[in-house]
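Basically the numbering used here = 1-based index in the sequence shown + 1.
Yeah, the Cβ is synthetic: ideal placement off N, Cα and C, and Gly gets one too.
Please read these numbers as outputs of a predicted model, since none were measured by experiment.
Some notes on the structure that comes next.
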Amino acid sequence: MFSDGERGGERNTMLKDITTGNAKKDGQEFRFWFVGHIEEWCKAHNMPFDPGRFGLRNARGIETKWGVYRKDEVRDAYAPSSDKTAMSILIRGDFTFTFREADDNAACREVRLKSQGDYVIWREDVEHTWRMDEDSEILTIRWTMKE
């Protein structure tokens, strides 16, 4: 593995538009989200925004989260529907989602991610809750489908 900016002991100065980091560490400031509207998130949390520090992580149209959760952790309140499509991929653990339509609270669907690589994709206007059946790590990506 090469360190940031080095390859075979030589420093590459031509490729400046590259951002590297660690998803677990970088997401600690914004509830596990490490790519997305970072400038807006900084404003919302009264933090200074440094384009050099956040680099290409400050992106419009896509948000990425590396979630780390403990066994028996639960989100009882439904996350409100959004204007984005989302996908969660299980890295490790056992994670169960419950989904419902924003305008039909009676219709629910439960999806359990148990094997590494299991995923679920849901459209905008779908609310969700979750519970951890084991310690889990989840990669979640949200993007805008509507134009």
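Interface flag, residue i vs chain D, CB-CB below 8 Å
i           : result
residue 142 : Protein chains in the displayed structure number just one, and chain D is not present.
Proximal residues to residue i (C-beta, below 7 Å), its chain only, five neighbours per side dropped
i          : result
residue 36 : 58, 60, 63, 64, 65
Span separating the alpha-carbon of residue i from that of residue j
i           : j           : result
residue 81  : residue 28  : 21 Å
residue 99  : residue 110 : 6 Å
residue 124 : residue 105 : 15 Å
residue 138 : residue 92  : 5 Å
residue 48  : residue 113 : 36 Å
residue 97  : residue 30  : 25 Å
residue 157 : residue 117 : This structure leaves residue 157 out entirely; the chain is present only between 2 and 148.
Close-in-space but distant-in-sequence residues of the same chain around residue i (CB under 6 Å, 5 per side omitted)
i           : result
residue 146 : 86
residue 143 : 64, 85, 87
residue 50  : 40, 43
Element boundaries [beta strand (DSSP E), containing residue i]
i           : result
residue 105 : 105 to 114
residue 128 : 127 to 133
residue 143 : 137 to 144
Sequence-distant residues of its chain with Cβ nearer than 8 Å to residue i (five each side left out)
i           : result
residue 24  : 35, 65, 67, 140
residue 108 : 101, 102
residue 78  : 130
Rounded Cβ spacing between residue i and residue j (contact assumed at less than 8 Å)
i          : j           : result
residue 72 : residue 119 : In fact, because the Cβ distance is near 17 Å, the residues do not count as touching under 8 Å.
If you scan the stretch 14 to 97 from start to end, which runs of the beta strand (DSSP E) of 3 or more residues do you find wholly inside it? Runs of the beta strand (DSSP E) lying entirely within the stretch 14 to 97 and spanning at least 3 residues, in chain order: 34 to 36, 63 to 70, 75 to 80, 86 to 93.
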